[in-house]
Amino acid sequence: MNPVRRYMALGLLVSAGLLAQGCTSTVSKGISDDGKQASEVIFPDAAKSHVKEGTLPALEHFHKVRPGISKDQLYAMFGVPHFSEGIAGVREWDYVFQLQGSKDKEPTQCQFKIIFDKNNKGQSFYWSPKDCAQKVGM
Numbered sequence: 001m002n003p004v005r006r007y008m009a010l011g012l013l014v015s016a017g018l019l020a021q022g023c024t025s026t027v028s029k030g031i032s033d034d035g036k037q038a039s040e041v042i043f044p045d046a047a048k049s050h051v052k053e054g055t056l057p058a059l060e061h062f063h064k065v066r067p068g069i070s071k072d073q074l075y076a077m078f079g080v081p082h083f084s085e086g087i088a089g090v091r092e093w094d095y096v097f098q099l100q101g102s103k104d105k106e107p108t109q110c111q112f113k114i115i116f117d118k119n120n121k122g123q124s125f126y127w128s129p130k131d132c133a134q135k136v137g138m
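Numbering of the sequence shown is given in the working numbering, commencing with residue 1 and proceeding in unit increments.
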């Protein structure tokens, strides 16, 4: 390979690496390596969700959500995260759900956040508003 092409290839590789690094994102602040703590849990603006009205998840799936759950298992139950979380090194996923408790006349829009450890296992689970957890029995 001639030297000019080699430098171009190296430049492209470095650029791609920086771009991918820019695609890794956390919204929350101070996430611990074990994924069990965050100094500030921040939910993204629901209006920026890819699924504007939210999805209607099967409520029985939430009984399977426990610390140590894998991204693949969460993906199988809830689908792709609803925001632009990034590609590599993603430590949190966010969803917008429409949930209806047995006493509710209308569904409530709820946001669900999963924070992962360094091994991509879900460790912490948060709701906004907080009372949405009761609608799914968490």
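Each residue gets a CB set at the ideal place from its N, CA and C atoms; glycine is no exception. This one's a predicted model, so the numbers in the text were calculated from it and none came from an experiment.
*asked:* Please state the DSSP three-state secondary structure of Gln21.
replied: Here the model assigns Gln21 a pLDDT of 39, short of 50, so the residue's position is not dependable, and the following value carries that caveat. Helix at Gln21.
*Taking all protein chains shown into account, decide if Ala58 is buried (16 or more other Cβ within 10 angstroms of its Cβ) or exposed.*
exposed
*Using DSSP with H/G/I as helix, E/B as strand and the rest coil, what is Gln37?*
coil
*Sequence ranges, beta strand (DSSP E) only - wholly within the segment 94-133, length at least 3*: 108-116, 121-128
*Could you give the DSSP three-state label for Lys52: helix, strand or coil?*
coil
*Identify every residue that forms a DSSP beta bridge with Ile69.*
Gly122
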